[in-house]
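Only one structure is covered here, and it is reproduced in the block below.
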Amino acid sequence: MAQDTTNIKTIKALDDYVLLGRSGLRVSPLCLGAATFGESMGIGANKDDSKKVFDLYYEKGGNFFDTANIYNFGDSERFLGDYVSDKRSNVVIATKYSSIRPTFVPHGNAIVPNEGRYNPNAGGNHRKCLVESIDDSLKRLNMSYIDILYVHFYEYRTPIEEFMRSLDDVIRSGKVLYIAVSDIPSWALSRANTIAELRGWSPFIGLQTRYNLLDRSLEFDLQPACAELDIGIIPWGIVAEGFLTGKYSREHDTGSKTDWRSIAFNMHSKVEKNWKILDEVKAISEEIGRSPVQIAMNWVHQKPGITSPIIGARTVAQLEENLKSLEFKLTPEQMKRLDEVSKPTEYPFPQSFTDHINRSLGKNIEVPRRFESFATTYDFGTLLRRN
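Residue 87 in full-length UniProt numbering sits at position 87 of the sequence shown, with consecutive numbering throughout.
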């Protein structure tokens with residue numbers, strides 16, 4: 001029997017804007033990912049269908065769009081630029097650099113068009129790639145500035161001081177307003193923002209990272225670091241490449257497909273714990289009359305530090321279902337059930353050890369809010385008993 005959810009307080013609406021990290025920038029509580037804008041990589045939608053998705057999100061009050069220079073070899077930026085050409089001041093556009101630029105990708109591994117010559121500087125976080133990537137993205141977007149520029153991933157060949165100084169320079173130039181980072185270890189994130197703070201450079205205001213019921217590694221280090229540094233968390237992969245949609249069964253066979261979704265499904269499906277998580281998601285879904293997608297997304301939205309999860313939709317129907325995740329709020333009991341079934345079985349040191357020691361200092365001592373998620377998840381004593 002479906003639970004009556006009419007009196008459950010909603011989390012947010014798209015036009016109930018939130019601040020991104022330490023900045024004053026207002027963004028929607030769900031970010032529309034534009035990786036599906038374009039078909040060049042085989043997983044997106046054509047320009048007309050992508051426009052319909054964009055229009056619905058925008059009409060509902062959404063203002064936060066996420067793309068990257070590499071998505072669909074630049075088509076994502078081109079499409080998005082066309083869609084917002086008469087709405088520029090009303091939207092927040094985030095794009096990324098670090099990957100090998102689209103100019104080179106279709107021609108092979110960093111091979112210069114018409115020359116057949118390898119270009120070792122076509123990708124990376126260094127100053128040369130940054131400057132050329134920004135100019136390329138601005139041309140594709142047909143804009144004079146980018147609201148948020150992400151470092152797409154931590155690249156250990158480029159010193160942190162170099163890319164933080166370079167990023168501050170492009171902000172001072174007016175081509176970029178804010179900077180953020182994606183897929184970076186916590187030590188590098190902490191060092192980057194500490195250097196920026198000490199030297200008067202612009203800090204990262206947001207972190208994009210993978211987070212879902214199957215992968216809660218964010219909670220070990222990155223979530224407390226973001227809380228300490230006042231960095232907004234913008235999670236991607238929140239339905240685990242479709243695994244948490246509930247449309248797959250244990251008997252599902254991807255055959256010989258080699259697309260990334262099939263590869264991801266094969267990876268997730270081999271872990272029995274993941275099926276138990278999905279079973280619990282489905283159980284709650286049936287209890288309250290919400291889809292598994294909405295359950296998985298609502299769980300993410302309620303976790304500490306989460307600012308604006310990224311949603312991806314190829315069709316209007318998919319977007320409509322995603323937006324419904326804002327219409328209700330899982331109860332504390334339902335959140336606890338999902339927390340328990342998805343609780344990580346690996347307890348990394350030293351987090352597990354220090355949490356155990358902290359517990360021994362006194363049961364009635366308040367835990368700072370920024371550590372709540374960590375402190376209620378990991379217990380070194382459990383590890384000792386398990387071994």
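Note that the Cβ used here is the ideal one computed from N, Cα and C, for glycine as well. As the structure is a computational prediction, the values presented were derived from the model and not from experiment.
- With respect to the 8 Å criterion, I306 and I231 are not classified as neighbours on the basis of their beta carbons.
- Following the DSSP letters along the chain, one finds A180 inside the beta strand (DSSP E) bounded by residues V176 to S182.
- Across the set N212, P224, I146 and Y178, the C-alpha of I146 shows the shortest separation from the C-alpha of E77.
- Straight through space, the alpha carbons of E327 and F349 are spaced by roughly 39 Å.
- Membership of A94 in the beta strand (DSSP E) is indicated by the continuous run V92 to Y97.
- For the pair N69 and E132, the Cα-to-Cα distance works out to about 11 Å.
- Of Q223, Y83 and I277, the smallest CA-CA separation from P185 is found for Q223.
- In terms of Cβ geometry, S40 and D82 do not form a close pair [threshold 8 Å].
- With contacts defined by Cβ atoms closer than 8 Å, G312 and T36 form a contacting pair.
- Your pair Q294 and E321 checks out as a contact, with CB atoms roughly 7 Å apart and the cut at 8 Å.
- Note on geometry: alpha-carbon atoms of R101 and S23 lie some 29 Å from one another.
- Per the coordinates, the alpha-carbon of P344 lies some 21 Å from the alpha-carbon of P309.
- The closest CA to that of V91, considering only Y97, S98 and L80, is found on L80.
- Residue pairing from DSSP places N212 in a beta bridge opposite D215.
- For N212, the number of other beta carbons within 10 angstroms of its own is at least 16, and it is reported as buried.
- Close CB contacts of W275 within its chain, under the 8 Å cut and outside five residues either way in sequence, are with R250 and S269 (chain order).
- Sixteen is the threshold: since fewer than 16 other Cβ atoms of the shown chains lie within 10 Å of the Cβ of L198, the residue is exposed.
- Just so you know, the alpha carbons of T194 and Y118 end up roughly 36 Å apart.
- Beyond the five residues adjoining it in sequence on each side, E280 comes within less than 7 Å, by CB distance, of R337, L338 and V341 in the same chain, given in chain order.
- V176 is positioned such that its CB atom lies no closer than 8 Å to that of I205.
- Where I171 is concerned, there is no enclosing beta strand (DSSP E), although the alpha helix (DSSP H) around it starts and stops at I160 to S173.
- For V316, the three-state secondary structure derived from DSSP is helix.
- For D49, the uninterrupted alpha helix (DSSP H) segment begins and ends at K47 to E59.
- Per the DSSP secondary-structure output, Y154 pairs with nothing in a beta bridge.
- For R22, the secondary structure class from DSSP, reduced to helix, strand or coil, is coil.
- Across the structure, Y248 and R210 are spaced so that their CA atoms are roughly 21 Å apart.
- DSSP, reduced to helix, strand and coil, places G74 within a helical segment of the structure shown.
- Taking every protein chain shown into account, the CB of D86 has fewer than 16 other CB atoms within 10 angstroms, so this residue is exposed.
- Counting along the chain, P304 sits inside no alpha helix (DSSP H), nor does DSSP assign it H or E at all.
- F243 is not a Cβ neighbour of F220, given a cutoff of 8 Å.
- In chain order, Q294, M297 and N298 place their CB closer than 6 Å to the CB of S325, counting only its own chain and leaving out the 5 sequence neighbours on each side.
- Taking a contact as a CB-CB distance under 8 Å, the pair S98 and N125 counts as one, their CB atoms being some 6 Å apart.
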